[in-house]
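There are 4 protein chains.
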Amino acid sequence: MKSQVVTFLINCPDQKGLVAKITNFFYDKGFNILSCQQYVNSIENSYFMRVRLNADGTIISKDQLENSFLELADPLHFSWSVHYGDKKQNVALMVSHTSHNLYDLLERFREGRLDCNVKMIISNHNKLRHIAEMFDVPFYYLPITKETKEEQEGQIIQLLDSNNIDLVIMARYMQILSSRFINHYPQRIINIHHSFLPAFQGANPYRKAYERGVKLIGATAHYATEDLDEGPIIEQDVKPVTHESTPQTLKIIGADIEKLVLARAVKNHLNHQIIVSGNRAIVFPEAGE
Amino acid sequence: MKSQVVTFLINCPDQKGLVAKITNFFYDKGFNILSCQQYVNSIENSYFMRVRLNADGTIISKDQLENSFLELADPLHFSWSVHYGDKKQNVALMVSHTSHNLYDLLERFREGRLDCNVKMIISNHNKLRHIAEMFDVPFYYLPITKETKEEQEGQIIQLLDSNNIDLVIMARYMQILSSRFINHYPQRIINIHHSFLPAFQGANPYRKAYERGVKLIGATAHYATEDLDEGPIIEQDVKPVTHESTPQTLKIIGADIEKLVLARAVKNHLNHQIIVSGNRAIVFPEAGE
Amino acid sequence: MKSQVVTFLINCPDQKGLVAKITNFFYDKGFNILSCQQYVNSIENSYFMRVRLNADGTIISKDQLENSFLELADPLHFSWSVHYGDKKQNVALMVSHTSHNLYDLLERFREGRLDCNVKMIISNHNKLRHIAEMFDVPFYYLPITKETKEEQEGQIIQLLDSNNIDLVIMARYMQILSSRFINHYPQRIINIHHSFLPAFQGANPYRKAYERGVKLIGATAHYATEDLDEGPIIEQDVKPVTHESTPQTLKIIGADIEKLVLARAVKNHLNHQIIVSGNRAIVFPEAGE
Amino acid sequence: MKSQVVTFLINCPDQKGLVAKITNFFYDKGFNILSCQQYVNSIENSYFMRVRLNADGTIISKDQLENSFLELADPLHFSWSVHYGDKKQNVALMVSHTSHNLYDLLERFREGRLDCNVKMIISNHNKLRHIAEMFDVPFYYLPITKETKEEQEGQIIQLLDSNNIDLVIMARYMQILSSRFINHYPQRIINIHHSFLPAFQGANPYRKAYERGVKLIGATAHYATEDLDEGPIIEQDVKPVTHESTPQTLKIIGADIEKLVLARAVKNHLNHQIIVSGNRAIVFPEAGE
Chain A
25 MKSQVVTFLI
35 NCPDQKGLVA
45 KITNFFYDKG
55 FNILSCQQYV
65 NSIENSYFMR
75 VRLNADGTII
85 SKDQLENSFL
95 ELADPLHFSW
105 SVHYGDKKQN
115 VALMVSHTSH
125 NLYDLLERFR
135 EGRLDCNVKM
145 IISNHNKLRH
155 IAEMFDVPFY
165 YLPITKETKE
175 EQEGQIIQLL
185 DSNNIDLVIM
195 ARYMQILSSR
205 FINHYPQRII
215 NIHHSFLPAF
225 QGANPYRKAY
235 ERGVKLIGAT
245 AHYATEDLDE
255 GPIIEQDVKP
265 VTHESTPQTL
275 KIIGADIEKL
285 VLARAVKNHL
295 NHQIIVSGNR
305 AIVFPEAGE
Chain B
25 MKSQVVTFLI
35 NCPDQKGLVA
45 KITNFFYDKG
55 FNILSCQQYV
65 NSIENSYFMR
75 VRLNADGTII
85 SKDQLENSFL
95 ELADPLHFSW
105 SVHYGDKKQN
115 VALMVSHTSH
125 NLYDLLERFR
135 EGRLDCNVKM
145 IISNHNKLRH
155 IAEMFDVPFY
165 YLPITKETKE
175 EQEGQIIQLL
185 DSNNIDLVIM
195 ARYMQILSSR
205 FINHYPQRII
215 NIHHSFLPAF
225 QGANPYRKAY
235 ERGVKLIGAT
245 AHYATEDLDE
255 GPIIEQDVKP
265 VTHESTPQTL
275 KIIGADIEKL
285 VLARAVKNHL
295 NHQIIVSGNR
305 AIVFPEAGE
Chain C
25 MKSQVVTFLI
35 NCPDQKGLVA
45 KITNFFYDKG
55 FNILSCQQYV
65 NSIENSYFMR
75 VRLNADGTII
85 SKDQLENSFL
95 ELADPLHFSW
105 SVHYGDKKQN
115 VALMVSHTSH
125 NLYDLLERFR
135 EGRLDCNVKM
145 IISNHNKLRH
155 IAEMFDVPFY
165 YLPITKETKE
175 EQEGQIIQLL
185 DSNNIDLVIM
195 ARYMQILSSR
205 FINHYPQRII
215 NIHHSFLPAF
225 QGANPYRKAY
235 ERGVKLIGAT
245 AHYATEDLDE
255 GPIIEQDVKP
265 VTHESTPQTL
275 KIIGADIEKL
285 VLARAVKNHL
295 NHQIIVSGNR
305 AIVFPEAGE
Chain D
25 MKSQVVTFLI
35 NCPDQKGLVA
45 KITNFFYDKG
55 FNILSCQQYV
65 NSIENSYFMR
75 VRLNADGTII
85 SKDQLENSFL
95 ELADPLHFSW
105 SVHYGDKKQN
115 VALMVSHTSH
125 NLYDLLERFR
135 EGRLDCNVKM
145 IISNHNKLRH
155 IAEMFDVPFY
165 YLPITKETKE
175 EQEGQIIQLL
185 DSNNIDLVIM
195 ARYMQILSSR
205 FINHYPQRII
215 NIHHSFLPAF
225 QGANPYRKAY
235 ERGVKLIGAT
245 AHYATEDLDE
255 GPIIEQDVKP
265 VTHESTPQTL
275 KIIGADIEKL
285 VLARAVKNHL
295 NHQIIVSGNR
305 AIVFPEAGE
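Below you can see the structure in the form of structure tokens.
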């Protein structure tokens, strides 16, 4: 295997000796263990591990590595995945008519601060095409009506699949995705919700926040699931506000939080820092985030 | 009037010239205006003002001041209140078996950082009596059962009224107060809820926060109203948490937030910084909070 | 005067009756007072006020307003300025080779979230020209050596003056400006420093932060003065970091703080929220920031 | 060994296979590894590990464990320490005349939220004796003058040593300790400094913060070293402030930050989460802090 970082994500029933067995396995295969993070959920008696390896100097192939690992993984009932640093992930952005998240993500991609290929921007409006053109990213305008929803989603799925998209980012795409769509990309669609979930689920959270007179507003990035705004939470943040805020100024203040929260969530996903367990996202920290 | 700070809180329909008329009034009466804070709610077309005056050198009496002010206030449809610095407010604390908010408030009172008299601690358990004794505050143990709830609340009301209590602080009092009780002390009961409202209303918020996998936990101080956990929010704060938190550790982390949030809300109330409008609390900032 | 917001910034020795006199003046001239914020510095016995007026329906001209105001201002020893909403400010950005602040500010200007004209970008490197072109803003490449510094600064001054630039933003311009340059634009040059001032003044703050093992890193926006990194602080923010951060990852984490801090400082300046007093910047808050 | 948590802290030159070798060692001895945290400093090529073990069911004695571990540790050049959960640490508090940190720590100890024995309070003033009495902790009043400093410190050292004190907490003890004293308790004295270090080192940080017009104030907990305010930083936090703050109100706002920062640092130390490397404190996180 050529020099690269290899990341394993592992989830299994808790038991004695796991960390020793796993780290031994990689040591025996000649890897240098860059980091090894674990989390024990003692309420559910389950174990989670993220191991980052340096493949430098190993002579094993990817296939050999995975086949050998199966011999360790199967008797211990691992759910696991492996991710190779030499494979760059393909990303699609979905937007409607709000631009701040789109600008922010494109700037990060362009400046090399998010490690992926942005292959396309898909929108149900034509309004943000000029931004796609500024950043030289293909823009697909696929309008939607109640009648054409199924057809439009079919077109999107075809676009995503034919471009081998690994991650879909709903950067303020203001349409509810069908279960069919969601289930086609499990844990591969990240959505930004403009409130601190589970407060103010559904539409118009800034209006509701104003009416409730909250003293903090927030944003939440989560994996999209069939239950709207109920998916595993990846990242959240808030900012203090005062009684002076109107729904309109809350929206402006919120935009900066939404940008940071979505960007961090995307980075965590692209870095393979996340294991989903039920409705909870285990997010291993990484320095330099 | 002897030397003291006098605070007016005013709420009225918005109209031209309010700040000039009000500040003129106090200037003519010989007051020095220490601060004058306003908030215009242009959605509801209403106006809010907090004026702090230095009475030093004035010769007007309290009665004369209030009678004169009525001549300004009535034609402009003011709702208003006035608060004199020479009258210290009487406070009652209500607790059950959690001690952190109680310690924190008593320490602040004792060290002179909350300007009031703590007249009593009321509890439905006997567990925290030793803390009352440490701080030399009368402790009333009034146990409660489903059958005695009405009677117990009657005893509390009698205690509060006979001691001229101005403010009731529910410092983790784990009983739901009846509407009769709540309405006896409108905007004079402050409650601390151990989550970021309106997320996780009702019981066991830390358990629910764990199950939802949130990345921030918080606390909310609000005025008690008939609708549980729906009263005007005075103060909120949050702290980042990770997937590693259990309901138990969330409780420990949350305790520090609860202490700060309740203490700030109480300080804002005692300083006459708050005007309640519908379900929203207008909280004017004050340096040195 | 046509319909617009007019903002007065006033600084004078403290004395009785100021708020009444000032608000009366504007009320008499037919203005609606949108907000009136004051700050009394009792240590230095000085008074600061920011008044925002709605000119709607007034018949007074700008000249008449200013001449009348002088009659109030002179006997009370006001330092004051007035700013009319119908005059959009001209802004110049100065950069070197770091792009994150530039992208962020251009996005905000483009999306209408910073009320000004970005007239030009000036750089001592050619590296960021493509960003200027993406956003259609003139780019001036003015390289600098020790020998040509005086000449280069002369060229910049000429560019700024001939374009009537009101505000210069050093968005990571990595050159020390001469006193001559600084004094040509007093309180009109905003700089972003990549640390929490006064910690880590001077060069390489992220390196120093790593070596000191700090647990928070920050950014500071301030007016440029002759003493490097000593000018009045407008805005600061920090983010928690851990021992795992390297100088390189601190730089990445810091970039997001720098973007927010500089954008807020620029907004505060453009909104006329700031009065500088000695080395302290009085920054009046504004909802919707 | 009876059922308890055993914590190893290890620091050594980085090399391949460390995590496998160490976890194997403990697995072979029959321990369950509760958590295993590592940090690689690639700038200095050094490796840090914190391992928490459950001794439940092991038959090895403490001596046997430590002797066996030496065989692993010596060839790999470990600096290491081991800490047993069945040994409660003894703590001494040093104070002068400021009470907030003292109240806060005593409340936490009393309520079982800091796992240690508070054996004594030492002060150069008699002012806080009543708090010691409230919490039933021995209070030693040891006044100090320039002439008696050496003698007074000698008395303190004798008190600490004869009571087997493991940790000294300077909870706002306003005297500079001599090098002799500091070096007697290396990495066993924690100090709270009332600013965000390295800003505003030395005396009167709130005064200096006011004069500099900062928009955030903070607190820093660090190990005491010979160079005043230069020791390894354990914990820091800040809070936003405005131009309205005076040195006096900054002090009040700061008190709440100081309480949280010192309490967290003490908890991190008591939980054996810290390894000091040069002037940097490696602080491993722990859920439930």
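Chains as they are written, first to last, in our numbering: chain A, 25 to 313; chain B, 25 to 313; chain C, 25 to 313; chain D, 25 to 313.
Built from N, CA and C at the ideal position, the CB exists for glycine as well.
Bear in mind the structure is a predicted one, so any value in this text is a computation, not a measurement.
Suppose only complete runs of 3+ residues qualify. What are the beta strand (DSSP E) ranges in the segment 86 to 155 of chain C, listed by chain order?
103 to 108, 114 to 119, 141 to 147
For the alpha helix (DSSP H) holding residue 309 of chain C, just list the boundary residues, first then last.
Counting along the chain, residue 309 of chain C falls outside any alpha helix (DSSP H), and DSSP gives it neither H nor E.
Would the segment 111 to 126 of chain C and the segment 135 to 146 of chain C be scored as touching if the rule is three or more Cβ pairs under 8 Å?
Two segments are said to touch when three or more pairs of C-beta atoms, one from each, lie closer than 8 Å; by this definition the segment 111 to 126 of chain C touches the segment 135 to 146 of chain C.
May I have the straight-line CA-CA distance separating residue 222 of chain D from residue 286 of chain C, to the nearest angstrom?
23 Å
Give me the Cα-Cα distance between residue 6 of chain C and residue 239 of chain D, rounded to the nearest whole angstrom.
Chain C is shown only over 25 to 313; residue 6 of chain C falls outside these bounds and no answer can be derived.
Specify, as a first and last residue, the run of the alpha helix (DSSP H) that residue 240 of chain B falls within.
For residue 240 of chain B, no alpha helix (DSSP H) run applies; the uninterrupted beta strand (DSSP E) run containing it begins and ends at 240 to 247, by DSSP.
Return yes when the Cβ of residue 267 of chain B is within less than 8 Å of the Cβ of residue 307 of chain A, no when it is not.
Residue 307 of chain A places its beta carbon less than 8 Å from that of residue 267 of chain B.
Touching by the beta-carbon criterion (3+ pairs, under 8 Å), the segment 197 to 213 of chain B and the segment 274 to 284 of chain B
no
Tell me whether residue 165 of chain D sits in a helix, a strand or coil according to DSSP, three-state version.
strand
Quick one: using the 10 Å Cβ neighbour count with 16 as the cut-off for buried, is residue 255 of chain B buried or exposed?
Buried, because 16 or more other Cβ atoms sit within 10 Å of the Cβ of residue 255 of chain B.
Apart from the five residues just before and just after residue 114 of chain A, which ones in its own chain have a Cβ nearer than 8 Å to its Cβ?
140, 141, 143, 187, 188, 189, 190, 191
Would residue 201 of chain D count as contacting chain C if we go by Cβ distances under 8 Å?
no
Less than 8 Å between the CB atoms is what I'm expecting for residue 195 of chain A and residue 295 of chain A, so what's the real figure, rounded?
Between residue 295 of chain A and residue 195 of chain A the Cβ distance is about 19 Å, and since that is not below 8 Å, they are no contact.
Interface residues of chain C facing residue 56 of chain B [CB-CB closer than 7 Å]
Going along chain C in sequence order, the residues near residue 56 of chain B (Cβ under 7 Å) are 40.
Neighbour flag for residue 187 of chain A against chain C, beta carbons, 8 Å:
Interface residue (Cβ-Cβ distance to chain C less than 8 Å): residue 187 of chain A is not classified as such.
For residue 270 of chain C, which residues in chain D fall below 9 Å Cβ to Cβ?
65, 66, 67
Cutoff 8 Å: residue 250 of chain D Cβ touching any chain B Cβ:
no
Would you decide whether residue 213 of chain C is buried or exposed? Buried here means 16 or more other CB atoms lie within 10 Å of its CB.
Buried is the call here.
Minimum C-alpha distance to residue 35 of chain A - residue among A:158, A:103, A:110, A:309:
A:103
Is it true that the segment 89 to 97 of chain C meets the segment 153 to 166 of chain C, where meeting means three or more beta-carbon pairs spaced less than 8 Å apart?
Of all C-beta pairs linking the segment 89 to 97 of chain C to the segment 153 to 166 of chain C, fewer than three are shorter than 8 Å, placing the two stretches out of contact.
In whole angstroms, what separates the C-alpha of residue 293 of chain D from that of residue 60 of chain D?
17 Å
My guess is that residue 247 of chain B and residue 211 of chain B are in contact by the Cβ rule of under 8 Å, so how many angstroms apart are they, rounded?
5 Å
For the alpha helix (DSSP H) containing residue 280 of chain D, list its first residue and its last residue.
Annotation for residue 280 of chain D: the continuous alpha helix (DSSP H) segment containing it runs 271 to 294.
Is residue 201 of chain B helix, strand or coil by DSSP?
coil
Run down chain A in chain order and give the residues with a C-beta less than 7 Å from the C-beta of residue 47 of chain D.
43, 44, 47
Can you check DSSP and say which residues form a bridge with residue 210 of chain B?
Bridge partners of residue 210 of chain B: none, in fact.
Going by DSSP, what residue range makes up the alpha helix (DSSP H) through residue 45 of chain B?
42 to 52
Between which residues of its own chain and residue 51 of chain B is the CB-CB distance below 8 Å, once the five residues before and five after are set aside?
57
Looking at residue 298 of chain B and residue 241 of chain B, is the spacing between their C-beta atoms short of 8 Å?
no
Between the Cα of residue 300 of chain D and the Cα atoms of D:309, D:33, D:136, which residue gives the shortest distance?
D:33
To the nearest angstrom, how far is the alpha carbon of residue 313 of chain C from that of residue 270 of chain D?
Bear in mind that the predicted position of residue 313 of chain C carries a pLDDT of just 44, short of 50, making it unreliable; the figure below should be weighed with that in mind. Going from the Cα of residue 313 of chain C to the Cα of residue 270 of chain D covers about 25 Å.
How many Å lie between residue 176 of chain A and residue 217 of chain A at the Cα?
Cα to Cα, residue 176 of chain A sits roughly 23 Å from residue 217 of chain A.
Apply the 10 Å Cβ neighbour rule to residue 94 of chain D and answer buried if 16 or more other Cβ atoms are within range, or exposed otherwise.
exposed
Does DSSP put residue 252 of chain D in a helix, a strand or coil?
coil
Give the secondary structure of residue 171 of chain C by DSSP, where H, G and I count as helix, E and B as strand, and everything else as coil.
coil
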